[in-house]
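Trainee: Each residue of the sequence shown is one higher than the one before, counting from 2 in this note's numbering.
Idealized CB from N, CA, C, for every residue including glycine.
These numbers come from a predicted model, not from an experiment.
Take this structure first; my questions come after.
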Amino acid sequence: MGRVIAVANQKGGVGKTTTAVNLAASFAAAEVNTLLIDCDPQSNSTSGSGAGRSDERHSTYDVLLGNATIDQAKLATDLPQLWVLPAHKNLIGANIELVAEEDRALCLRKALEAVRDQYEFIVLDCPPALDLLTLNALVAADSVLIPMQAEYYALEGISQLMDTIERVRESFNPGLAIEGVVLTMYDDRTNLAQQVSANLREYFGDRLLETTIPRNIKVAEAPSFGKPVLLYDVRSRGAEAYIRLAKEIMERMENPPQGNFLASAVLG
Ligand SMILES: Nc1ncnc2c1ncn2[C@@H]1O[C@H](COP(=O)(O)OP(=O)(O)OP(=O)(O)O)[C@@H](O)[C@H]1O
Ligand SMILES: [Mg+2]
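What follows is the structure, given as structure tokens:
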């Protein structure tokens with residue numbers, strides 16, 4: 002059974018998509034089968050993983066509405082062990098169309114049942130809202146990974162996310178864990194970043210991950226080439242950081258899959 006990790010934070014622009022794409026790619030580069038699911042109508046993780054945009058294929062929308070299976074809709078990528086379930090801007094409509102369904106929060110979880118054993122990791126990129134799409138992701142997930150920027154207002158809004166996680170635990174998914182909080186676009190040279198990081202350490206304890214993701218131009222450039230950063234510049238600080246993040250998450254698991262980090266396929 003693959004581990005399902007929802008990358009969520011209702012705050013916009015904190016690095017959810019960048020983290021989802023590059024974490025999924027790092028798992029795949031460690032030679033474990035990984036599925037990236039784009040749950041955001043903005044479809045940034047679809048284009049960022051090289052799947053481009055198209056009106057002519059099945060997408061997350063069709064899967065949520067039961068019109069296609071994940072196997073039918075998934076696409077291969079440049080990494081042999083990474084697949085992506087693409088999103089389309091029509092996904093915005095699912096928020097409204099699903100409201101009438103009794104099992105509206107369970108659509109993704111049901112769709113995943115058929116494919117969970119094909120992957121070691123399934124990474125869900127959530128939209129910047131606590132909407133029905135994020136709810137579906139949290140209900141389907143084993144854990145939540147929360148990307149955050151080390152800003153003065155970092156903790157603002159987090160209590161709302163924590164309340165939502167607690168409600169999902171009470172209603173649908175008692176086992177939902179916090180995978181961790183990861184600091185993105187991090188610059189440890191500033192006092193503010195260190196101060197915020199210390200505050201987060203107090204609030205989250207060891208749920209604040211050791212790995213931080215530095216602000217790195219290669220990370221920002223890679224999506225315009227439709228590539229995760231490790232296929233764009235594997236020796237960049239950004240690529241190294243995401244590989245370290247994948248390693249840290251695997252090392253914290255009780256039964257981690259046997260990854261082979263920086264497989265020669267990636268370097269070659
Ligand atoms: N480590 C980094 N170094 C440099 N730029 C980064 C880094 N991480 C993210 N960015 C840039 O910051 C912007 C926001 O990142 P991203 O799209 O991943 O955030 P998001 O949380 O998914 O946004 P949204 O809430 O709109 O879905 C993007 O332009 C991205 O390229
Ligand atoms: Mg995003």
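List the whole-angstrom C-beta distance separating Y120 from L232, where the pair is believed to meet the contact cut-off of C-beta under 8 Å.
Mentor: Not confirmed; about 20 Å, so no contact.
Trainee: Within 7 Å: the Cβ of Q43 and any heavy atom of ligand 2?
Mentor: yes
Trainee: Comparing the CB of T47 with every heavy atom of ligand 1, is any distance shorter than 7 Å?
Mentor: no
Trainee: Checking 8 Å against the spacing of the C-beta atoms, do D126 and S48 come in under that value?
Mentor: no
Trainee: For the beta strand (DSSP E) that contains A130, what are its first and last residues?
Mentor: First-last for A130: undefined, no H or E at that position.
Trainee: Would you kindly work out how many angstroms separate the C-alpha atoms of M254 and Y243, rounded to a whole number?
Mentor: The alpha-carbon separation between M254 and Y243 amounts to approximately 17 Å.
Trainee: Do you know whose CA, among G51, V33 and A88, lies nearest L66's CA?
Mentor: A88
Trainee: Mapping DSSP to helix, strand and coil, what is M163?
Mentor: helix
Trainee: Ligand 2 heavy atoms versus the CB of K17: any closer than 7 Å?
Mentor: Within the cutoff, so yes.
Trainee: Quick one: give me the first and last residue of the beta strand (DSSP E) that E180 is part of.
Mentor: A178 to T185
Trainee: Measuring CA to CA, which of I214, Y204 and M2 is closest to E157?
Mentor: Y204
Trainee: Checking 8 Å against the spacing of the C-beta atoms, do V33 and T20 come in under that value?
Mentor: Against a cut-off of 8 Å, the Cβ pair of T20 and V33 comes out as no contact.
Trainee: So does P224 have its beta carbon nearer than 7 Å to some heavy atom of ligand 1?
Mentor: Yes.
Trainee: Less than 8 Å separating the beta-carbons of V183 and T212?
Mentor: yes
Trainee: Grab me the residues of D132's own chain with a C-beta within less than 6 Å of its C-beta, minus the 5 sequence neighbours each way, in chain order.
Mentor: N96
Trainee: Any chance the CB of P229 is under 7 Å from a heavy atom of ligand 1?
Mentor: no
Trainee: Report the option in A138, G181 and P148 whose CA atom is closest to the CA atom of E249.
Mentor: G181
Trainee: Once the 5 residues before and after A142 are set aside, which same chain residues still bring their CB inside 8 Å of it?
Mentor: Closer than 8 Å at the Cβ level, and outside the excluded window around A142, lie V5, I6, A7, L125, N174 and L177.
Trainee: Can you look up L35 in the DSSP assignment and give me helix, strand or coil?
Mentor: For the sequence presented, residue 35 should be read as Thr rather than Leu. If DSSP states are grouped into helix, strand and coil, T35 belongs with the strands.
Trainee: Three or more C-beta pairs under 8 Å: does that hold for the segment 93-109 against the segment 135-155?
Mentor: Contact between the segment 93-109 and the segment 135-155 is established, with three or more Cβ pairs separated by less than 8 Å.
Trainee: Is the CB-CB distance between K90 and S44 below 8 Å?
Mentor: yes
Trainee: DSSP three-state call for M254: helix, strand or coil?
Mentor: coil
Trainee: Any chance you could list the beta strand (DSSP E) runs of at least 3 consecutive residues sitting entirely within the segment 72-147, in chain order?
Mentor: Listed in chain order, the complete beta strand (DSSP E) runs (minimum 3 residues) inside the segment 72-147 are 83-86 and 122-126.
Trainee: What residue from L146, P129 and T70 has the CA that sits closest to R110's CA?
Mentor: T70
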